[in-house]
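Inspection log for the structure reproduced underneath, given as structure tokens.
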Amino acid sequence: MPDEEDDDGGLHRVEFHFQEGFTGQSFEILVAGKLRASVTARTRFQTGLAHIEPVMLRDGEEVIIRQKDTGAQRKVHLHPGRPFVTLTLVNGALKIDALDQTPGYL
Amino acid sequence: MEQNEGRTRAPIEHAQSPAAIPEAEHPDYLAGRMSDADDASGPVDTRGFTPVPDGPLPDPLPGPFPLPVPEPRLPLPGPFPGPIVPLPAFCMAVSGRYRHVQPTLSTPLPTPIPGPARPVPVTPFNLLRITVRVDVDRFFPQNRISIEVSRIFPASSAHAIAEVTSDKCTAMNRRTVTANIVYRDGNAALIPGTTVTFTARRTTGLGYGAYELTLSGGGITPRKYMLAFQSRYFDSVEFEVDRVDNAGTIVTAYDTGSHPTRPATLPAETLSLASIFQRAGFDVSMSPNTTVIPTSGAGANGTWSDTEMHNAMVTYWSRFANKPQWALWVLYAARHDQGQSLGGVMFDDIGPNHRQGTALFTDSFIQNAPPGDANPAAWRNRMQFWTAVHEMGHAFNLAHSWQKALGTPQGAPGDPWIPLANEPEARSFMNYPYNVSGGQAAFFGDFAFRFSDDELVFMRHAPRRFVQMGNSNWFENHGFEAPDPLRHSGNWRLSVRPNRAENSYRFLEPVTMEMKLENTSGSPVLVEADLLADGRHVTVFVQREGGALRQWRPMITRCHEPHADRLESGAAIYGAQMISTSTDGWLIDEPGFYKVQVAIDMGAEIVVSNVLRLYVAPPVSAEEGAVAADYFTEDVARVMAFAGAPQLSSAEDVLRRVVKTCATNPAALHAEVALTNPQLRDFKVLEDGKGGKGLVIRAQAAKVDQAAKAQVAALLKEPQKAADTVGHIPYFAQLRTVAEMMEADGNEKGALDLMKRTVEVMKQRKILASVIDNAERRIKRRG
């Protein structure tokens, strides 16, 4: 579950939902400066979803999303109780939001 | 192609059974138009002609035919106080699909013999298939007329959509709808003009009896097409609903009054998947072949991947085929591999034919009613029903409401079919309820269980390949259409052939093609025996490679009483036509390669022949080149086509020159026959009478001996060569004519001898045994 914690406390599962606007761009998810996941995102028009990447994070860890081909990067502001991070690409720029409930796709 | 007929079926449990409000009573149904509104700027206020304002429309309301109508204005007895106010005229609904028909020019043929019905052509050749969709009333009218033209041969197609600018009811069931073309696709020349006018009027009864489409504007001469009403729907579609055994009770219908969050004006009724799409304009049938699929089909993990669902579709859908068809498979499963976050998906962007299958997942977030919802059970039913329609909408190539403007024009994948604006707040089946301002409660509080206007325009009027399942790829709808493939029933095979060893011709040599139409239906049929020979039913196109395509128009057409003969399965009828000359000149008059193709309208289908490629050699002598300018003229064409025309003396002079200077050219044989043929009988000519007598008919005396001698020499000196160039059918017909003329002239022995020689050539040429048999019987009858 996205809000599960480990025995040490402070370890949370966060889902990164790459949603609209992706046409095959590659991204890296950096946690505390280290590469944690690589994602190639291509939006599927039927569902408005490209990819869901779950990542386990500790409290306070800095998360950065970096677009590989451009080098552009954005810091992700994580909110307690909002473990669903949605990312959309609008006119070449990443739009990032955090939700408390899992986004639904149809 | 795979089919799944015969698979064991099990009934599917549905949560509710459908019972939609009858359309005539539904507030969203527009039953027609009154005479006092003459433009399309707003919908007709149906309250004006309902017995009770705001009440239901009279039942039955004008459906296509029987209807309550304003009473006729009969003379009233005696003086009547006050002015008599005439009742407004009413025009019934006209929305639906029409097809172009041609007026029948001949008497229908007798009832076909028992066995599969095989239409026999009784109309002139119809090269154009025209479908017209009129959308001005009934449910959610979009005020559009769309036209789909398919020229069967040579194949080409076009599509146009026109926006209604005027909709007039000028008398009882006399309606005129005018629209301007705003969208075109395909070969624009097939739908010329800028304005579309659709008219519907009464003929003998109260209902509409005559429909017509006129194309005009843009400087064209108006073109009129007679139409026939086909359906009140724009297309037909079949849905098959299957369920995985762990999906639980599935929701395929919804009571719109069951949840309190709804528009105050929303009528309470039970909607089904079928009724939603019927109101969108489709004649929906639900397949009886429902299946309960075992969970094992989902693989070891019990959830479904897109590939597993595609495989299930191939296995369990009774209509599955790798081809475009108006049919859709709807799967209710428990959960997708993605987990609860996927409520449904149009999974079928796999393989060559997309959009044939959709799925929804009963164990997903669509089961999660908001905390504190007033009726969670109704909420879940509504969400499941809504999701099913949403996914089915994707199969009609509808994008999400906020994705409509994705892509850029010019045909890249993802382009909208026309420039569209996103509709992020649309109360449509294609929006996400929880993404609008105010969330799902705001959405359903204002949702009328319908598609948006833009979506309805697309579903009803876009080029059908964009919409039809299995046709254009998902989300791709701007690609230029290859012409629709010809529809083959397999009942007929038409072939065109020269009946000679090589498809090469000498310069000047007239080209005759033999056509064969074979009954391949497996059953005997009735068919017009002269179909290929009378010049009225076949259409021939000739194209010199690198040149323009030209249609052959016969100089002679023969009108006759219809006489359908029984044609056994495997049997054929034959005909031959000289295709070098047409009413608008010579079609084959230069050296080079040509393509020839023949088509015939068999009523239910256009049957098209093979494409025959032939070669015309360059001149082999200076004489052939020199005579060409005089030879390829209309007059010479007529002499050749009519097998003689003594009044066209200059043309006959040219043919004599051909006989004299180009003796080895097969054209000389044709010329000899044409020059001497009129001499086989007393030949009547129309002449200017002397002494002010006006035109008089004069008979030129026959010179049978002389003509027969010349013809026999031409036709039998080198019979193989002669039969090659004249063609079997006209060659043996001409020999028979000569023999009959000789016989009539008293030369029985010469005639009999010619008949015998003819049979010898028939046998050498290995023509049909039945033809030889007939010829031998004619000889026997003469002793």
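Protein chains in written order, with the working numbering: chain R, 16 to 121; chain L, 1114 to 1896.
We put the CB at the ideal spot given by N, CA and C, even for glycine.
Item                                                                                                                                        : Value
Cα-Cα separation between residue 1575 of chain L and residue 1392 of chain L, rounded to whole angstroms                                    : 17 Å
Alpha carbon of residue 1360 of chain L to alpha carbon of residue 1405 of chain L, nearest angstrom                                        : 10 Å
Beta-carbon separation (whole angstroms), residue 1491 of chain L vs residue 1441 of chain L, contact threshold 8 Å                         : Not quite, the Cβ-Cβ distance comes to about 26 Å (not below 8 Å), so this is no contact.
Cβ contact check for the region 1289-1301 of chain L and the region 1259-1271 of chain L: 3 or more pairs under 8 Å                         : yes
Ordered list of alpha helix (DSSP H) runs contained in the region 1297-1337 of chain L, each at least 4 residues                            : none
Under 8 Å by beta carbon: chain L residues contacting residue 118 of chain R                                                                : 1454
The region 1638-1650 of chain L contacting the region 1669-1677 of chain L, beta-carbon criterion three pairs below 8 Å                     : yes
Every unbroken beta strand (DSSP E) inside the region 1424-1509 of chain L [3 residues or more]                                             : 1440-1446, 1470-1474
Contact check, residue 1324 of chain L vs residue 1286 of chain L, beta carbons under 7 Å                                                   : no
Spatial distance of residue 108 of chain R from residue 1451 of chain L (CA atoms)                                                          : 26 Å
Proximity to residue 1876 of chain L [Cα-Cα], best of L:1845, L:1864, L:1416                                                                : L:1845
Residue 1884 of chain L, DSSP secondary structure in three states                                                                           : helix
First through last residue of the beta strand (DSSP E) which encompasses residue 1619 of chain L                                            : That residue, residue 1619 of chain L, is in no beta strand (DSSP E); it is neither H nor E in DSSP.
Straight-line gap, residue 114 of chain R to residue 58 of chain R (C-alpha atoms, nearest Å)                                               : 19 Å
Member of L:1465, L:1479, L:1460, L:1437 whose CA lies at the smallest distance from the CA of residue 1453 of chain L                      : L:1479
Endpoints, alpha helix (DSSP H) assigned at residue 1870 of chain L                                                                         : 1861-1877
CB-CB length for residue 1722 of chain L against residue 1609 of chain L, believed under 8 Å                                                : 4 Å
Alpha carbon of residue 1726 of chain L to alpha carbon of residue 1655 of chain L, nearest angstrom                                        : 10 Å
Residue from L:1340, L:1422, L:1438, L:1774 whose Cα sits closest to the Cα of residue 1448 of chain L                                      : L:1422
Same chain only: Cβ atoms within 6 Å of residue 1347 of chain L, ignoring 5 sequence neighbours per side                                    : 1210, 1246, 1394, 1573
CB-CB length for residue 33 of chain R against residue 102 of chain R, believed under 8 Å                                                   : 5 Å
Under 7 Å between C-beta atoms of residue 1554 of chain L and residue 1374 of chain L                                                       : yes
Exposed unless 16 or more other CB atoms sit within 10 angstroms - verdict on residue 1516 of chain L                                       : buried
Backbone CA spacing between residue 1458 of chain L and residue 1294 of chain L [nearest angstrom]                                          : 36 Å
Three-pair Cβ contact test at 8 Å for the region 1273-1287 of chain L versus the region 1411-1428 of chain L                                : no
Residue 1632 of chain L and residue 1638 of chain L closer than 7 Å at C-beta                                                               : yes
Rounded distance between the beta-carbons of residue 1353 of chain L and residue 1427 of chain L, thought under 8 Å                         : Not really, about 13 Å apart at Cβ, beyond 8 Å.
Cut-off 6 Å between Cβ atoms - residues of its own chain near residue 1896 of chain L, not counting five sequence neighbours on either side : none
Complete runs of the beta strand (DSSP E) confined to the region 1716-1773 of chain L [at least 3 residues]                                 : 1719-1729
Any C-beta of chain L under 7 Å from that of residue 109 of chain R                                                                         : no
Helix, strand or coil at residue 1588 of chain L [DSSP, three-state]                                                                        : coil
Nearest candidate by alpha-carbon position, reference residue 1779 of chain L, set L:1622, L:1148, L:1545, L:1793                           : L:1622
Beta-carbon proximity of residue 1343 of chain L to residue 1212 of chain L, cut-off 7 Å                                                    : yes
Backbone secondary structure at residue 1582 of chain L - three-state DSSP                                                                  : coil
Under 9 Å from the C-beta of residue 104 of chain R: neighbouring residues of chain L                                                       : Those within 9 Å of residue 104 of chain R in chain L number zero; the least Cβ separation is about 12 Å.
Buried or exposed by the 16-neighbour rule on C-beta atoms within 10 Å, applied to residue 1255 of chain L                                  : buried
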